[in-house]
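Quick notes on the structure that follows.
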Amino acid sequence: MRPLPVLAVLTLAMLTPRAPVSAQTNPRRGEYERDPAIEALVDAAEVVAPEFSADALLRLSTSPRVDQVWRREIVDDAFFRAYGAQEQYRRSTPQPLSPDTRQGANQLAYSTALTRVSLQVRAARLMMFVDPDRARELFEWIDLNPSPGGCEDPLVPDLEEYYSALGQIARSSYPRDGLAALRFFELYLWRAYLPSEMPAVARAIGHFPRGKEVAEQLEGLLRWLLDASSRDARGFSSASGDIVSRVADLQAADRMLGVQSWYLMDSLREYLGTRLKDPRCGDSAAESMVPPAFNSALRRIRAGDVKLLEPDVVPPVRQGNARSDPYWQTVDSRRLHDSASRLWGPNKAPVPVRVRQTPEWRAQAEQFFSDLEPWSIAREAIDRDVFYQKAVLYTVLVDLAPRSPLRTRVIRSYVEFLRHSEGDRDRRTIWFVFLTRLLEASHESDRSEILNALEETSHPVLWLYSRMERTLPQAKP
């Protein structure tokens, strides 16, 4: 079944954090006056589900109409609200996943960054601009504890944002005490124990200010983390390429600092040689690419004194394969998918607007909409899966329909569908993908129509994000 092109281009447009700008003071009281529009949105954010509450508060805190004292209060509140998020941390994979599968939908949901760790890292980073000491305290309270993956699941823990923030917070918290910053940095690097964390650790070390002695000290720490990391077949297959490239980059940078040995590359060779003898996932081909990637990295950084890594000649023990649960398998879903594909056309780009304005195309679109709107979740197997498929089809129609009474009806129907679909904890993140996609559509010519439809539902989350679109500066593409 040919995938709908729109599935490959669902993206999230998060508001860009802006530098803090103080509000005006009340000359009579000598205090900052709170902007009533922002204050109303802050109040509204406090009554929605934890993921949306924390995300909305963090966005609102970046407004130039929020003073430093209030910003600290909002960010602090957002950090603690994030504890109630359904998902604990992001999961990802370097392998392409079809958006026409449950696994691809899960990856898209994680890209919203509405996980507890993602939200709390955002809060700590924003707090750096207001109160570096408080930012450090918040960061210390972020609990990681990621679980190793399994061969049946292609997604593995992705904590890049955590280790990237670690170095920034260490430096901002101790701007004049390099030793204290280093101790803080090292303390939280010790948390890493999964193969999928090692590329992020190597990159964080590479960005941390260091001289020759500190570089050698951190090389020793990374060596220990590699040796002690868990034997996670899926995690290693997902991260092995990045481990090689980032450790090699770090070794090259340390050599520029005066480190004379090839300690890191020798350590990496030993680590890879050991892990390549471990059982691996049955569908993984990444391990076969590790020796040539390592040897190529040696040549790139001119580490001629390090021995090449020979391919493993022992047949590896194979474990399970990643599951792939395809969508569009029922009669109704397949029929609707095929109708949407015909409306879209045979190419990656949709048929031209002049075609979509013809009576023939509009008649097909009307029929498709009349079939889509009553499609019942109760008639399908898994509620979350049907929500995703129906939301995708609505998105196709919103993307295709030119301005017309049909487009207005589609937007209203889509908003009603979202209004009745948010409450389930199991689909908050995937639900947010489609809300954000609709908000992106509001940046175009029918902005008022979409935002009005969202607000008129009186749904707390739809109203909140619509009002933020109107109130906060739009992010630049």
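Numbering (my numbering), first residue to last: 1218 to 1694. Where a beta carbon is used, it is the ideal one built from N, C-alpha and C, also for glycine.
1. If we ignore side chains and look at the alpha-carbon of each, how far apart do Val1238 and Glu1633 end up?
2. Just mark Gly1247 as buried or exposed, buried being the case when its beta carbon has 16 or more other beta carbons within 10 Å.
3. Between the C-alpha atoms of Ala1598 and Tyr1605, what's the straight-line distance to the nearest angstrom?
4. Classify Trp1545: buried if its beta carbon has 16 or more other beta carbons within 10 angstroms, exposed otherwise.
5. Based on DSSP bridge pairs, tell me the residues matched to Thr1318.
6. For Arg1393, which of helix, strand or coil comes out of DSSP?
7. Are the CB atoms of Leu1331 and Ala1302 nearer to each other than 8 Å?
8. Buried or exposed: where does Gly1423 fall if 16 or more other Cβ atoms within 10 Å of its Cβ makes it buried?
9. In the DSSP assignment, find the alpha helix (DSSP H) that holds Asn1512 and state where it starts and stops.
10. What are the boundary residues of the alpha helix (DSSP H) that Val1476 is part of?
11. Does DSSP classify Pro1496 as helix, strand or coil?
12. Leaving aside the five residues before and after Asp1529 along the sequence, list all residues of the same chain whose C-beta is less than 7 Å from its C-beta, in chain order.
13. Whose C-alpha, out of Ala1450, Ser1390, Arg1427, Ser1381, is nearest the C-alpha of Leu1411?
14. Going by alpha carbons, who is nearest to Thr1688 out of Glu1504, Ala1254, Glu1250?
15. Excluding sequence positions up to five away, which residues of its chain have a Cβ less than 7 Å from the Cβ of Pro1349?
16. Can you give the Cα-Cα distance for Arg1472 and Asp1252, rounded to whole angstroms?
17. Mind the definition here: the region 1514 to 1523 touches the region 1286 to 1303 only if three or more C-beta pairs lie below 8 Å; say whether that holds.
18. Taking the Cβ atom as the reference point for each residue, do Thr1310 and Pro1363 lie within a distance shorter than 8 Å?
19. Mind checking Glu1661: buried by the 16 CB within 10 Å criterion, or exposed?
20. Near Gln1241, which residues of its chain fall below 7 Å by C-beta distance, leaving aside the five closest residues on each side in sequence?
21. Can you look up Arg1353 in the DSSP assignment and give me helix, strand or coil?
22. Quick check on the burial criterion: 16 or more other C-beta atoms within 10 angstroms. Buried or exposed for Val1431?
23. Which runs of the beta strand (DSSP E), 3 residues or longer, sit entirely within the region 1276 to 1354?
24. Take the Cβ of Leu1383 as the centre, count every other Cβ of all protein chains shown within 10 Å, and call the residue buried at 16 or more, exposed below.
25. Using CA coordinates, which residue listed in Glu1487, Gly1367, Ser1413 is at the minimum distance from Ala1456?
26. With a CB to CB cut of under 7 Å and the five nearest residues on each side skipped, what residues in its chain are close to Thr1446?
27. Whose C-alpha, out of Asp1394, Gly1321, Gly1395, Asp1459, is nearest the C-alpha of Val1418?
28. Could you tell me the distance, in whole angstroms, from the CA atom of Arg1596 to the CA atom of Glu1590?
29. Express the C-alpha separation of Ala1322 and Glu1403 in angstroms, rounding to a whole number.
30. Please report the distance separating the alpha-carbon of Tyr1682 from that of Phe1346.
31. Which residues mark the beginning and the end of the alpha helix (DSSP H) in which Asp1549 is found?
32. Let me make sure I understand the geometry here. Which of Thr1674, Thr1612, Glu1686, Arg1684 has the alpha-carbon closest to that of Gln1650?
33. Check for me: the alpha helix (DSSP H) holding Pro1690 runs from which residue to which?
34. Grab me the residues of Val1678's own chain with a C-beta within less than 8 Å of its C-beta, minus the 5 sequence neighbours each way, in chain order.
35. Taking its Cβ as the centre, do 16 or more other Cβ atoms sit within 10 Å of Gly1475, making it buried, or is it exposed?
36. Consult DSSP for Pro1374 and reduce its assignment to one of helix, strand or coil.
With the given structure in hand:
1. At Val1238, the pLDDT of 36 sits below 50, so the modelled position is not reliable and the matter cannot be decided from this model.
2. Bear in mind that the predicted position of Gly1247 carries a pLDDT of just 41, short of 50, making it too unreliable to give a figure here.
3. At Ala1598, the pLDDT of 48 sits below 50, so the modelled position is not reliable; the number obtained from the coordinates is stated separately. Cα to Cα, Ala1598 sits roughly 13 Å from Tyr1605.
4. Around the beta-carbon of Trp1545, 16 or more other beta-carbon atoms lie within 10 Å, marking it buried.
5. Pro1543
6. coil
7. yes
8. buried
9. 1503 to 1517
10. No alpha helix (DSSP H) holds Val1476; DSSP gives it neither H nor E.
11. DSSP places Pro1496 in coil when its eight states are reduced to three.
12. Once the five neighbours on either side are set aside, the close Cβ partners of Asp1529 are Leu1493, Lys1494.
13. Ala1450
14. Ala1254
15. Closer than 7 Å at Cβ, skipping near neighbours: Ser1389, Ser1390.
16. 53 Å
17. no
18. no
19. Looking at its Cβ environment, which holds fewer than 16 other Cβ atoms inside 10 Å, Glu1661 is exposed.
20. Confidence at Gln1241 is low in this model, with a pLDDT of 43, below 50, so its placement is unreliable and the value that follows should be read with caution. Answer for Gln1241: Glu1250, listed in chain order.
21. helix
22. buried
23. none
24. buried
25. Nearest Cα to Ala1456 within the set Glu1487, Gly1367, Ser1413: Ser1413.
26. Note on residue identity: the sequence assigns Ser, not Thr, to residue 1446. Hits under 7 Å: Tyr1410, Leu1411, Pro1412, Met1415.
27. Asp1459
28. With a pLDDT of 48 at Arg1596, under the threshold of 50, the predicted position of this residue should be treated as unreliable, and no value is reported.
29. Cα to Cα, Glu1403 sits roughly 36 Å from Ala1322.
30. 25 Å
31. 1548 to 1561
32. Note that residue 1650 is Val in the sequence shown here, rather than Gln. Nearest C-alpha to Val1650: Thr1612.
33. Note, Pro1690: premise wrong, no alpha helix (DSSP H); not H, not E.
34. Val1265, Ala1266, Phe1269, Glu1639, Leu1652
35. exposed
36. Strand at Pro1374.
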